[in-house]
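Only one structure is covered here, and it is reproduced in the block below.
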Amino acid sequence: MEEEVGKLTFWQTWRRLIIGGIAVILFFLVWEALLTWFIPLNKFVISKPSLIFLGIARDMESGILWRDLLVSGRPLLFGFGAAVLIGIPVGVVMGWRERVGYSLDPLLTALYASPLVAVAPLVIIFFGVGVAGKAILIFVLCVFPFVFNSLAGVRSVDPLLINTVRSFGGKEMDLYRIVIVPTVLPFVIAGARYAIGRGLIGVLVGEFFAASEGVGYRIAWYGDMYVLDRMFGYILVMMVVAILFTEGIRWAERTAFPWRVGM
Amino acid sequence: MSDMDMPNTGLAPVEPVDDINTPGFWEKNESLFLGFGFIALVIIIWQLVPSVFTLSKGMKLFFATPTMIVGAFGDLIASGKLWPALQFSASAFGLGLGLSIIVALPLGVVMGRSQVLSDMFDPFITAINATPRLVFLPLILIWFGIGMWSVVVVVFIGALFPLLINTYEGVKNADKLLINVVKSYGANEWEINKLVVIPNSLPFIIAGLRLAIGRAVLGVVVAEFFGGSSNGVGVIMVRASGSFQVDVVFAGLILFMAMSLILTGIVRSIEARFSRWRPQQTKSF
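Here the protein sequences come in this chain order: Y and C.
Anchor point for the first sequence: position 103 equals 102 in numbering that gives the first Met the number 0, and the numbering is continuous, going up by one each time.
Anchor point for the second sequence: position 75 equals 74 in numbering that gives the first Met the number 0, and the numbering is continuous, going up by one each time.
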C-alpha cells in the first residue's frame, strides 16, 4: 500500500518532465526521419537535427562559438549591470517619495509600453556600433522592469513595520536595511527575469544592425550565406542560453523566496 | 466628516469649517500636474538645449529638437510617404495579430482541458517564450522572402505566446464545480467550453491580448528594420537613420509609441469593463 502511494507521487512529481522530455525527443526524431526518408532534403530551405548538432560541435571545436558568446556577453553584462544600478534606486525613490513617483510615472510608463527597440537606429547614430552602443541599447531595454518592479515592491512595504522601526529610533538608513530591501528584493528578482529577456532582444537587435562578431551577427551571416545547419545551430544555442537565464532566475526565486512562488 | 451628518437638534446649523484634510483642487490633481508637468518640462528643456549650449558641428547634425520632429512628421504627411507606409505596417500588424488569435485561442483551450497535451507542449512553449523571437528572423526571411508575409509571420509569432499562455491559464482557472454541474446535466465537451470555460477565461484572454498587441507592434518594428519588407514605417526610419535624418527617425519612433499606447489603452479599458462584474459573482456561487 505504502509503495503504491510512493509510486503515485513519483509519477505525479515527474510526469511533466517525462512527458515533456518524450515530446522533445519525438520532435527531433520525427524531424530527422521526415527529412531522411520521406521528404528530399533541400539544404537551402531546411536542415535536419543530425547536421545541426554536427555543426554546433564543429563550431565548438574551432572556438568560434565560445568567442561569439563572449563577444555578445560583454555588452549584455554592462547594459544589464547599469540597468540594475540605475533602475533599482530610481524605482525605490519613486515608490518612497510620492511626488517623485507622480512626476516620473507617466513618462516612464509610456516609454515602457512602447516598442523601445525602435530607438536602435538612434543609439547607433549617437554611440556607434561598438560595445558602448550595444550596452546602451540593452540598458534602455532592461532598465524599465527594474524601475517598475522595485516601485511595486516599495509600495507593498508594510507601513506598520516602518512605524515600528521608527518607534525604536531607527534612522532612514535602518529603514532601508531592515524593512525595505527585504521586501523589495523578491520583486526586483522577478523584474530581472523580464529584464534578461529584453536584454537578449537588445543583443540581437544590436548585432543584426551592426556587428562583425557575436551570436546575433553569426545567425544573420549564416542566413545570408544559406548555411542553414550552422544557422539552426546558433539559434538552438541562443534558445538554450535564454532558457538557462530565465529558468535559472526562476529557480533562484523559488529557493530564496519560497513564499512568493507564482508572483 | 461624520459629524456633518448629525441629527437636527433645532440649533442653528454650524458652518462647516474647511477641514485641513479635505483635498483641495491642487492636492486632488497633484499626480496629474506633476506627471504631465514633468513631460512638458523634458520637452521644453530638450527644445532649449541648442539655444543655451553651443553644440559642436557634429552634434548639431545629429540633434533634433521637438519642433524639428513635428516638422519632419508634417513633411512625411505632406509628401504622401507616410500613408502607404502606415497602411502597410497596419495591415501586417492586423493580419499577424488576427492569425495569432485564430491559432492561440483554440490551442489554449485544448491545452487547458487536456493534461497530457499541455505536458507535451509545455517544453516547447517554455523554450520559445524564453527566447527572443527575433532570433528566428533570418530564418523567416529565408522561408517567406522579403515582403509583407515575413512581417506578418514575425508579428504572428510575437503575438501568439502571450495569447496562448493567458488562454491556457484562464481555462485552467475555470471553476471545477461549475464544470461538474454542467457535466452532470449532460453537457458534452463543446458545451462545457461554451458555457463555463470560455466565459470564465475571457478576462485572461483580454489581458493576453493587451500583451500581444505590444509584442505585435514590436514585431512590426523589428521585421521592417531588418529587411523583412521594402515598405512600412520601420523602413522609413531605417532609411532616415542611414542618411542621419534624426528628426525623421524620432517621428517614426513617436508614431510607433503612440500606436502602441493607444491600442493597449483601448484594450485596457475593455479589460476594466469585463472585470467589473466578474470576481464576486463567480466566487459567490
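We put the CB at the ideal spot given by N, CA and C, even for glycine.
Between which two residues does the alpha helix (DSSP H) containing residue i stretch?
i             : result
residue 69/C  : 65-77
residue 125/Y : 119-126
residue 90/Y  : 63-95
residue 93/C  : 81-112
residue 223/Y : 214-223
residue 242/Y : 227-255
residue 34/C  : 29-51
residue 184/C : Neither: residue 184/C is in no alpha helix (DSSP H) and is coded neither H nor E.
residue 205/C : 197-224
residue 129/Y : Taken as a continuous stretch (DSSP letters only), residue 129/Y belongs to no alpha helix (DSSP H), as it is neither H nor E.
residue 173/C : No alpha helix (DSSP H) holds residue 173/C; DSSP gives it neither H nor E.
residue 137/C : 136-143
residue 235/C : 232-241
Go ahead and label residue i buried or exposed: buried means 16 or more other beta carbons lie within 10 angstroms of its beta carbon, across all protein chains shown.
i             : result
residue 39/Y  : exposed
residue 59/Y  : exposed
residue 121/Y : buried
residue 137/C : buried
residue 1/C   : Residue placement at residue 1/C is poorly supported in this model, since its pLDDT is 45, which falls under 50; the coordinates still yield a value, given next. It is exposed - the Cβ of residue 1/C has fewer than 16 other Cβ atoms within 10 Å.
residue 131/C : buried
residue 149/C : buried
residue 157/Y : exposed
residue 11/Y  : exposed
residue 79/C  : exposed
residue 197/Y : buried
residue 263/Y : The requested residue 263/Y does not occur in the structure, where chain Y is confined to residues 0 to 262.
residue 261/Y : Note that residue 261/Y scores a pLDDT of 45, beneath 50, so its modelled location is shaky; the value from the coordinates is reported in the next line. It is exposed - the Cβ of residue 261/Y has fewer than 16 other Cβ atoms within 10 Å.
residue 206/Y : buried
residue 240/C : buried
residue 278/C : Since pLDDT at residue 278/C reaches only 49, below the 50 mark, its modelled position is unreliable, and the value read off the structure follows with that caveat. Exposed, by the Cβ-count rule.
residue 213/Y : buried
residue 228/Y : buried
residue 225/Y : exposed
residue 162/Y : exposed
residue 144/Y : buried
residue 56/Y  : exposed
residue 73/Y  : exposed
residue 244/C : buried
residue 115/C : exposed
residue 223/Y : exposed
residue 263/C : buried
residue 230/Y : buried
residue 122/C : buried
residue 44/Y  : exposed
residue 93/Y  : buried
residue 145/C : exposed
residue 151/C : buried
So residue i and residue j are in contact, right, with Cβ under 8 Å, and what is the actual spacing, rounded?
i             : j             : result
residue 249/C : residue 124/Y : Going by Cβ atoms, the distance from residue 249/C to residue 124/Y rounds to 11 Å, so no, they are not a contact pair.
residue 165/C : residue 207/C : 3 Å
residue 113/Y : residue 236/C : The pair is not a contact, with the Cβ atoms about 14 Å apart (cut-off 8 Å).
residue 233/C : residue 153/C : At roughly 11 Å, the Cβ-Cβ gap does not stay under 8 Å, so residue 233/C and residue 153/C are not in contact.
residue 308/Y : residue 78/Y  : Lying outside 0 to 262, the shown extent of chain Y, residue 308/Y is not represented and no answer is given.
residue 162/C : residue 259/C : Not a contact, Cβ separation roughly 17 Å.
residue 142/Y : residue 91/Y  : No, residue 142/Y and residue 91/Y are not in contact; Cβ-Cβ is about 13 Å, not under 8 Å.
residue 54/Y  : residue 232/Y : 4 Å
residue 196/C : residue 180/C : About 13 Å; that fails the 8 Å criterion.
residue 103/C : residue 159/C : 5 Å
residue 178/Y : residue 164/Y : 6 Å
residue 192/Y : residue 245/Y : 6 Å
residue 234/Y : residue 135/C : 7 Å
residue 211/C : residue 96/C  : 7 Å
Give a yes or no on whether the minimum CB-CB distance between residue i and chain B is below 8 Å.
i            : result
residue 74/C : This model lacks chain B altogether, as its protein chains are Y and C.
Beta strand (DSSP E) segments (min. 3 residues) lying fully within the segment 159-218 of chain Y: Taken in chain order, the whole beta strand (DSSP E) runs of length 3 or more contained in the segment 159-218 of chain Y number zero.
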